[in-house]
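Peer 1: Input: one structure, supplied below.
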Amino acid sequence: MKVLEVINLEKSFGGVKAVDDVSFFIEQGETFGIIGPNGAGKTTLFNLISGIYTPDNGKIIFKGKDITGFMPYKLSHIGIARTFQNMRLFGSLTVLENILSAVLSKRPYNIFQAVFRTNGYTKGEKNAYNMARELIDFFGLNEKADYPANSLSYGEQRRLELARALATGPSLMLIDEPGAGMNPKEIGDLASMIKTIKDKFSVTIAIIEHQMNLIMNISDRIMAMDFGEVITTSTPQEVKKDKRVIEAYLGEELD
Amino acid sequence: MEQISYILQQVVNGIQLGAVYALIALGYTMVYGVLRLINFAHGDVFMLGAFVAYFLISKFGLPVYLVFILTMVSCALVGYVIEKVAYKPLRDAPKISLLITAVGVSLFLEYFLSLKALFTPNYIPFPRPFEIETYDLSFFVITNVQLLIFIITFISLFILYLLIYKTRYGIAMRAVSYDKETASLMGVGIDGIISFTFIIGASLAGVGGILYGIAYPQINVFMGIMPGIKSFIAAVLGGIGIIHGAVVGGLIIGLCEVFVSAFLSSTFRDGVIFIILFAVLLFRPMGIFGKRIEKV
Amino acid sequence: MRFLKESKQFLVVAFIIYVILKALFVFGVASSYIQQIVQYAVIIALTSIGLNIIYGFTGQFSLGHAAFYGIGAYTSAYLTKVLGIDSLFSYIPVLMACSVISGLIGFLIGIPILKLKDDFLAIATLGFGTLVRVFFDNSDKISDVLGGSRGFVGIPKITNLELVLFFTLFIIVITRHMINSRFGLFWRCIKDDELAASSIGINTANMKLMAFTYGCMLAGFGGAFYANLYTFLHPSNFDILKSIDFLIIVIIGGMGNIVGTILASFIWVGFIEGLRIILPSEVLDIRWVVIPILLIFIMMWRPYGIMAKKTK
């Protein structure tokens with residue numbers, strides 16, 4: 037089943053076409069990699085899918101439903117989660133609170149239950165707390181659970197962002213350059229972590245990444261972009277050999 | 133026929149008021165352009181202009197042209213000092229801190245001058261430096277005061293235009309309002325340009341204060357609040373950060389105010405201005421001349 | 058009872074303070090002026106807590122809080138005077154009405170303007186506050202009893218220490234319950250990073266509106282108590298300076314800190330009134346010069362520490 041279908045998507049900013057007639061689909065359960073030089077429109081694409089931008093033209097279909105133009109919070113409830121290139125944690129909140137906020141976004145109790153501290157509230161909070169602790173445990177953040185997010189190391193923060201995204205129980209996760217700033221060992225850990233996430237949480241993953249060994253390793257298929265357009269969508273081996281992709285990264289072919 | 137005459141008269145009156153608002157609005161818009169700051173204290177510089185002029189005329193009996201020059205210099209100095217002392221130290225602080233400081237400066241100026249030892253909170257009559265003459269143009273009348281306002285405003289705008297578009301400082305100022313960091317990497321002395329912006333804006337506000345005092349000769353230490361807010365609304369209406377926007381916005385607000393007063397009632401006068409503000413913020417926040425901003 | 062369980066410690070301390078105050082009042086140690094000031098401080102605390110929810114927790118900079126305080130005040134003044142309310146029992150519905158009206162107006166204003174960012178929200182709330190003040194100044198054109206710029210006189214005196222203190226404690230318990238739940242958590246998420254908050258499923262527009270409306274409701278309560286305490290209202294009590302008072306209290310007390318706001322309210326009221334007692338009347342006006350200077354110094358001293366909101 038196609039979890040995501042993007043059809044003729046277009047987005048311009050002040051005359052510059054950031055996303056130019058982009059079409060692709062993602063099968064359920066696959067890991068879909070997106071590569072391309074800086075400014076190719078990859079993050080803009082994620083912003084469009086996650087509802088932060090509204091496309092000028094085109095359609096986005098999620099699990100058969102047209103979600104074009106939906107607001108970010110609604111898409112989160114439907115089952116799309118994302119991480120950000122520059123990381124957007126709630127810095128002054130603790131690790132636990134960061135994850136709790138994502139779990140509680142499912143709204144397990146209403147305001148009256150909260151104000152009057154009913155059983156519905158207590159149960160909702162307890163379940164959310166347990167779920168959050170499970171995730172903290174899975175991502176190895178137990179020691180830092182009560183520390184503010186901005187006191188964590190870079191690697192820990194990246195893990196926290198992944199944990200928070202997973203806490204919303206998504207079917208599709210958009211991961212934006214998780215390997216940025218990591219050394220080879222950390223990238224290796226990241227690769228196995230993403231594989232484990234897929235197995236344990238049964239999510240479909242779309243990942244933007246510049247670290248070629250990482251993305252080639254874990255992706256089932258890869259889409260290469262440049263100047264807002266799709267160059268090719270194929271298996272990692274094919275994409276690696278594609279002349280146009282090489283050109284996009286290295287500039288004009290040398291004679 | 134009489135109706136047309138009456139309307140034309142209101143137009144003249146509206147331009148008179150609008151010209152003053154335009155002068156003040158320019159200061160708001162230029163400072164916002166370079167600093168992304170709403171200088172809440174700007175309306176009080178306008179007030180200071182009126183008071184300095186009052187002081188110079190009534191205590192020293194100076195001739196009008198000298199009063200203009202000295203007032204402009206004083207206001208420019210005040211603008212410069214405010215920026216250096218209150219805003220510069222907070223340039224990298226969160227926006228809110230700057231906003232609150234600006235409010236603090238504004239209140240300080242007002243309440244300091246309202247002390248009984250100084251000017252008191254009372255209304256003070258502004259001395260007319262010359263006799264009023266009215267010229268009957270059959271369709272409407274125009275006074276020499278109004279002519280003075282039109283001429284001075286026009287001259288000020290012309291000089292401003294030369295400064296902004298024909299001098300190095302002006303080009304630098306526009307560069308800074310586009311992109312502060314890149315401008316500084318290009319060798320533009322940011323501090324100097326910011327000071328320059330404040331000095332120009334404050335001088336214009338000072339001129340506005342004098343003209344206002346001549347036209348509506350009752351001054352008061354709190355007189356800057358409402359014109360300040362209205363001029364800011366004018367700047368937003370025209371497109372915040374855009375020079376010609378401030379002028380057009382000022383004229384529109386002045387005309388609106390006079391027309392509402394003349395045809396509805398003076399009670400709703402201020403209310404209408406705020407309704408304009410809400411309408412702009414909700415439906416066209418970039419203003420008349422502004423470009424659409426996409427959220428990131 | 059389970060409702061009060063979480064706030065047990067706080068309520069015990071509050072009750073002890075009440076007993077002490079009551080003793081001071083009853084045995085004539087505190088003059089009626091002091092009694093009034095204490096009640097006023099509680100009213101200010103209640104109203105400031107409202108602004109703390111709006112700004113301290115959710116990060117929405119409002120320069121018009123005094124307008125909602127004033128709406129509550131004038132509504133209560135009008136209803137209690139015109140309907141001849143004198144008993145506590147018949148006052149309760151009036152109190153509720155004031156809060157609902159302030160909250161409703163806050164809600165309606167909030168729908169459009171809470172979309173604006175920092176400086177423009179500041180101007181919009183400032184503009185609204187000025188508009189309300191102008192309305193009060195011209196209110197006698199609507200109904201003569203409202204007094205316009207002459208002021209509203211002859212409001213029945215209903216507020217007393219028990220009423221204002223116990224009611225405020227009740228509101229504080231409710232507020233704490235909201236803060237220590239997903240609502241308070243969402244508010245803090247929005248303040249830290251609104252975009253991220255919406256990406257994880259928080260309906261930020263609704264949450265911002267909820268915080269704003271709730272804060273305005275508390276201001277409505279505060280205004281009502283104020284009107285029935287001082288029995289006289291003047292439009293100048295509800296201008297930008299008053300909005301800044303509330304803002305200063307929230308900042309000094311610590312954004313997102315309820316107990317801090319309460320302490321700051323008492324300190325602030327004590328400071329202002331204390332100056333009134335200490336300074337001879339000629340020098341009294343210096344207060345209003347000192348306050349802005351103080352404000353500027355606080356900003357210089359702790360631009361980051363007190364302001365936790367990041368600029369992106």
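Residue numbers (our numbering), protein chains in the order written: chain A, 37 to 291; chain B, 133 to 428; chain C, 58 to 369.
Backbone N, C-alpha and C define an ideal beta-carbon position, used for all residues, glycine too.
Please read all numbers here as calculations on a predicted model, not as lab measurements.
Which bits of chain C does E170 of chain A rub up against, with CB to CB less than 7 Å?
Peer 2: Chain C residues near E170 of chain A: none, gap ~17 Å exceeds 7 Å.
Peer 1: Once you ignore the five residues that flank G146 of chain B on each side, which residues in its own chain have a CB closer than 8 Å to its CB?
Peer 2: L383, G386, L387, C388, E389, V390, F391.
Peer 1: Any idea if A208 of chain B is buried or exposed, counting beta-carbon neighbours within 10 angstroms, 16 or more meaning buried?
Peer 2: Per the 10 Å Cβ criterion, buried.
Peer 1: Check whether the Cβ atoms of T161 of chain B and G340 of chain B sit closer than 8 Å, and answer yes or no.
Peer 2: Not in contact: T161 of chain B and G340 of chain B (Cβ atoms no closer than 8 Å).
Peer 1: Out of A:M107, A:I116, A:F126, A:I244, which has the shortest C-alpha to C-alpha gap to Y89 of chain A?
Peer 2: Ranking the options by Cα distance to Y89 of chain A, first place goes to A:M107.
Peer 1: Is N163 of chain A near the ligand PLP, with its Cβ less than 7 Å from a heavy atom?
Peer 2: The ligand PLP is absent from the structure shown, which contains no ligand whatsoever.
Peer 1: Please give the ranges of any alpha helix (DSSP H) in the region 141 to 211 of chain C, keeping only runs that are unbroken, at least 4 residues long and fully inside the region.
Peer 2: Runs found: 145 to 170, 175 to 194.
Peer 1: Please name the residue, chosen from C:A281, C:Y271, C:K299, that lies closest to Q117 of chain C on a Cα-to-Cα basis.
Peer 2: Nearest C-alpha to Q117 of chain C: C:Y271.
Peer 1: Would you mind listing the alpha helix (DSSP H) stretches within the region 338 to 378 of chain B that are 4+ residues and don't spill past its ends, in chain order?
Peer 2: Segments of the alpha helix (DSSP H) lying fully in the region 338 to 378 of chain B: 357 to 370.
Peer 1: Let me confirm a value: M318 of chain B is counted as buried when at least 16 other C-beta atoms fall within 10 Å, else exposed. Which label applies?
Peer 2: Classification of M318 of chain B: exposed, given that the 10 Å Cβ count is below 16.
Peer 1: Can you pull out the residues from the region 224 to 252 of chain C whose beta carbon lies closer than 7 Å to at least one beta carbon of chain A?
Peer 2: Listed by position along the chain: I231, H234, M235, S238, R239, F240, L242, F243, R245, C246, D249, D250, L252.
Peer 1: With 8 Å as the threshold, decide whether the Cβ of G127 of chain A is near any Cβ in chain C.
Peer 2: By this cut-off, G127 of chain A is an interface position.
Peer 1: Quickly, what does DSSP pair S270 of chain A with across the bridge? List them, please.
Peer 2: Note: S270 of chain A sits in a beta bridge opposite A:I258.
Peer 1: DSSP three-state label for T67 of chain A, please.
Peer 2: Reduced to three states, the DSSP call for T67 of chain A is strand.
Peer 1: Just verifying my parser: in three-state terms, what is the DSSP assignment at Y183 of chain A?
Peer 2: It is coil, neither helix nor strand.
Peer 1: Can you tell me whether W358 of chain C is buried or exposed? The criterion is at least 16 other CB atoms within 10 Å of its CB, across all chains shown.
Peer 2: Classification of W358 of chain C: exposed, given that the 10 Å Cβ count is below 16.
Peer 1: Verify the CB distance criterion: does D176 of chain C have a CB-CB separation below 8 Å to chain B?
Peer 2: Chain B contact via Cβ: present.
Peer 1: At a Cβ cut of 9 Å, what residues of the region 263 to 284 of chain A count as close to chain C, listed as they run along the chain?
Peer 2: If the cut-off is 9 Å between Cβ atoms, the region 263 to 284 of chain A has nothing near chain C.
Peer 1: In the DSSP assignment, what residue or residues form a beta bridge with R118 of chain A?
Peer 2: Looking at the DSSP assignment, R118 of chain A forms a beta bridge with A:L210.
Peer 1: Would you check if the distance between the CB atom of Y186 of chain B and the CB atom of P261 of chain B is smaller than 8 Å?
Peer 2: Cβ distance not < 8 Å, so Y186 of chain B and P261 of chain B don't count as in contact.
Peer 1: Report the option in C:D197, C:I166, C:I350, C:M264 whose CA atom is closest to the CA atom of I147 of chain A.
Peer 2: Per the Cα distances, C:M264.
Peer 1: Find the residues of chain C that neighbour L136 of chain A, judging by a C-beta separation of less than 7 Å, and give them in chain order.
Peer 2: The answer, in chain order, is L242.
Peer 1: From the beta carbon of L171 of chain C, is the nearest beta carbon of chain B less than 8 Å away?
Peer 2: L171 of chain C does not count as touching chain B.
Peer 1: Can you pull the chain D residues whose beta carbon is under 8 Å from the beta carbon of V346 of chain C, in chain order?
Peer 2: Going by chain labels, chain D is absent from the structure shown, which instead holds the protein chains A, B and C.
Peer 1: CB-CB under 7 Å to S141 of chain A, same chain, minus the five flanking residues each way: which ones, in chain order?
Peer 2: Result list for S141 of chain A: S112, T204, in chain order.
Peer 1: Please identify the residue among A:G105, A:G100, A:G127 whose C-alpha is closest to the C-alpha of N93 of chain A.
Peer 2: N93 of chain A has its Cα closest to that of A:G105, out of A:G105, A:G100, A:G127.
Peer 1: What separation, rounded to the nearest whole angstrom, lies between the Cα atoms of G279 of chain C and F330 of chain B?
Peer 2: Straight-line Cα distance between these residues: approximately 41 Å.
Peer 1: What in chain B is Cβ-close to I301 of chain C, meaning under 9 Å?
Peer 2: Here the neighbours are I232, V235, G236, L239.
Peer 1: Take L336 of chain B as the anchor and find which of B:Y348, B:G371, B:L222, B:I281 has the nearest alpha-carbon.
Peer 2: It is B:I281.
Peer 1: Specify whether the region 232 to 242 of chain A and the region 52 to 72 of chain A touch according to this definition: at least 3 beta carbon pairs, one from each stretch, less than 8 Å apart.
Peer 2: Output reads yes: the region 52 to 72 of chain A touches the region 232 to 242 of chain A.
Peer 1: Going by DSSP, what residue range makes up the beta strand (DSSP E) through A242 of chain A?
Peer 2: Where A242 of chain A is concerned, the enclosing beta strand (DSSP E) stretches over 240 to 244.
Peer 1: Spell out whether any CB of chain B is found under 8 Å from the CB atom of F114 of chain C.
Peer 2: So no, F114 of chain C is outside the interface.
Peer 1: Report, in whole angstroms, the separation of the C-beta atoms of L336 of chain C and I343 of chain C, which I expect to be a contact under 8 Å.
Peer 2: Right, the Cβ-Cβ distance comes to about 7 Å (below 8 Å), so this counts as a contact.
Peer 1: I'd like to know if V191 of chain C contacts chain B, where contact means its C-beta is closer than 8 Å to some C-beta of that chain.
Peer 2: Judged by the 8 Å Cβ criterion, V191 of chain C is in contact with chain B.
Peer 1: In this structure, what does DSSP give as the bridge partners for S133 of chain C?
Peer 2: Beta-bridge pairing links S133 of chain C to no other residue.
Peer 1: Quick one: residues in its chain with C-beta nearer than 7 Å to the C-beta of A154 of chain C, no 5 flanking neighbours on either side, listed in chain order?
Peer 2: Only T132, L136 meet the Cβ criterion.
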